[in-house]
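What the first sequence shows, in numbering that gives the first Met the number 0, is residues 0 to 347, in sequence order. No residue lacks a Cβ here, since even glycine has one placed at the ideal position from N, Cα and C. Here is the structure we will look at, set down as structure tokens.
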Amino acid sequence: MTIETLHGKLNTPLFMPDATYGAIKSLDFTDLDNIGINAIVTNTLHLYLNPTDTYIKQLGGVHNFFGWQKPILTDSGGFQVYSLINRSGKSLGNSIDENGAHFIDPANGNKHYLTPEKSIQIQINLGSDILTVLDDPLDLTADYERVKKSVERTTNWARKCKDEFLRLNNLTSEQFDNTNGTTRPLIFGVVQGGKFEDLRTQSAQELIEIGFDGYNFGGLHYTEKGNVMKNIFKLTADLIPDDKPKYAMGVGTPSDIKLALEYGWNMFDTVLPTRMARHGALYTKQGEIKLTNKQYEFDTNPIDKDCTCLTCQNYSRAYVRHLLRIKEQTGLRLASIHNLHFFNQLFL
RNA sequence: UCCGCGGUAGCUCAAUGGUGGAGCAAGAAGCUGUUAACUUCGAGGUUGUAGGUUCGAGUCCUACCCGCGGAG
Numbered sequence: 000m001t002i003e004t005l006h007g008k009l010n011t012p013l014f015m016p017d018a019t020y021g022a023i024k025s026l027d028f029t030d031l032d033n034i035g036i037n038a039i040v041t042n043t044l045h046l047y048l049n050p051t052d053t054y055i056k057q058l059g060g061v062h063n064f065f066g067w068q069k070p071i072l073t074d075s076g077g078f079q080v081y082s083l084i085n086r087s088g089k090s091l092g093n094s095i096d097e098n099g100a101h102f103i104d105p106a107n108g109n110k111h112y113l114t115p116e117k118s119i120q121i122q123i124n125l126g127s128d129i130l131t132v133l134d135d136p137l138d139l140t141a142d143y144e145r146v147k148k149s150v151e152r153t154t155n156w157a158r159k160c161k162d163e164f165l166r167l168n169n170l171t172s173e174q175f176d177n178t179n180g181t182t183r184p185l186i187f188g189v190v191q192g193g194k195f196e197d198l199r200t201q202s203a204q205e206l207i208e209i210g211f212d213g214y215n216f217g218g219l220h221y222t223e224k225g226n227v228m229k230n231i232f233k234l235t236a237d238l239i240p241d242d243k244p245k246y247a248m249g250v251g252t253p254s255d256i257k258l259a260l261e262y263g264w265n266m267f268d269t270v271l272p273t274r275m276a277r278h279g280a281l282y283t284k285q286g287e288i289k290l291t292n293k294q295y296e297f298d299t300n301p302i303d304k305d306c307t308c309l310t311c312q313n314y315s316r317a318y319v320r321h322l323l324r325i326k327e328q329t330g331l332r333l334a335s336i337h338n339l340h341f342f343n344q345l346f347l
């Protein structure tokens, strides 16, 4: 499949690294070009908080601001609010109601209120090529009633996002249906429903009824034990029309990705390659290795024998291990280059 | 040579005479639409040496060894 965007065509399957704060940590965009990365994900909420969407708009949008002219997808901020509420422990001030999400900027304690309309306004200001609707993700322990409510809310918010998107782009619903990414940004809906088949089905059907350019797998795709929820993961892909992009948000490990590709998912982003690299874990065809471990002290081989990345072409496991252990920035960069290259290869 | 201060985990340091702890390092594990170069976990000791006082000594006493500072 080829996806038209305002910054060029994208071929699927497609891997997009996460530049959440406007940067792939430890790398720059020329590194991404050299690795062969064709699109990135950046985050509405983070850029809204700092340096603000209006600032970025003033500097010509994310492409000009970043110095990256390939397609950029923006995440809506829904998952970040979910993270603030579910992972912080101190969730004071962070909550979701029918109209949006209240949250406190962890950096300075300032209060904010993110609505579906606001999320779209921010993404338009940022100059995104592919926008994401604001959704209501849940953790794996949520019961049926809570997930049902999340689906209703996500549909309701998706409708508001679509309306705001049409308004800001000065489009009628018919014009939206008859145009593509060559003349306007794209906007994707997010299927929720947790681990419940009927709710996933309901969510997908309601979003398709509203009409989006692509559809995403929302929430987490694995169980509390870390196993992929195969039935839900496959069902959700099947619910999405085959002529639309199917974006598995946050997926995943190399084996998760392999499975997802079989199920028909064709767009991916994940934090794993870059985060794991910074934490000293490197991906190889034989599996993940913890390079900082003692067993690699005298290992003069490249990280992965047949790898063609810059790191493997020039440096040994022992050397990259040394750099990581002394917390030298170059170590983070070399490790990140390798892991991103490894993930990108999964889609060729 | 004399005087003073100090010697406790690999390192830097805690511990009223009452079960010797912490940070870092080292070892390992975990990370899935990034609050994450992060988090978690165990392991690590003849308290410089040899005596003494005491029911009990890292702690008090004596001698010695080593380090630092001062005086000469």
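Inter-residue Cα distance where the pair is G330 and L322: 5 Å
Buried versus exposed call for P184 [16 or more other C-beta atoms within 10 Å across all chains shown]: buried
Alpha-carbon to alpha-carbon, K69 and H62: 8 Å
Member of R199, Q120, T252 and R316 whose CA lies at the smallest distance from the CA of T51: The option with the nearest alpha carbon to T51 is Q120.
Strand pairing of H101, partner residues [DSSP]: S94 and Y112
Whether T73 touches L125 by CB criterion (8 Å): yes
K245 in three-state terms, based on DSSP: DSSP, reduced to helix, strand and coil, places K245 within a strand of the structure shown.
Supposed contact pair Y143 and F195 - C-beta distance, whole angstroms, cut 8 Å: 6 Å
Contacts around D241, its chain only, beta-carbon distance under 8 Å, and the 5 residues preceding and following it disregarded: G263
Residue burial classification, K89 (beta-carbon count within 10 angstroms, cutoff 16): Since pLDDT at K89 reaches only 48, below the 50 mark, its modelled position is unreliable, and no value is offered.
C-alpha gap between L103 and Y20, whole angstroms: A quick correction: the sequence has Ile, not Leu, at residue 103. Cα to Cα, I103 sits roughly 17 Å from Y20.
Between the CA atoms of N85 and D134 - distance to the nearest angstrom: 15 Å
Inter-stretch contact (C-beta, 8 Å, three-pair minimum) for the stretch 150-165 and the stretch 200-207: yes
Same chain only: Cβ atoms within 6 Å of D138, ignoring 5 sequence neighbours per side: N85
Among E163, D212, T140 and T310, nearest to K224 - alpha-carbon criterion: T140
Three-state secondary structure (DSSP) of G88: Confidence in G88 is poor, its pLDDT being 48 and thus under 50, which makes the residue's placement unreliable; the coordinate value appears in the next sentence. If DSSP states are grouped into helix, strand and coil, G88 belongs with coil.
At least 3 beta-carbon pairs within less than 8 Å: the stretch 7-15 vs the stretch 31-38: yes
N49 to T273 span [Cα, whole Å]: 21 Å
In DSSP terms, what E287 is bridged to: Y282
Three-state secondary structure (DSSP) of D162: helix
Unbroken stretches of the beta strand (DSSP E), 3 residues or longer, contained in the stretch 27-58: 39-42
Inter-residue Cα distance where the pair is D32 and K147: Rounded to whole angstroms, D32 to K147 spans 42 Å at the Cα level.
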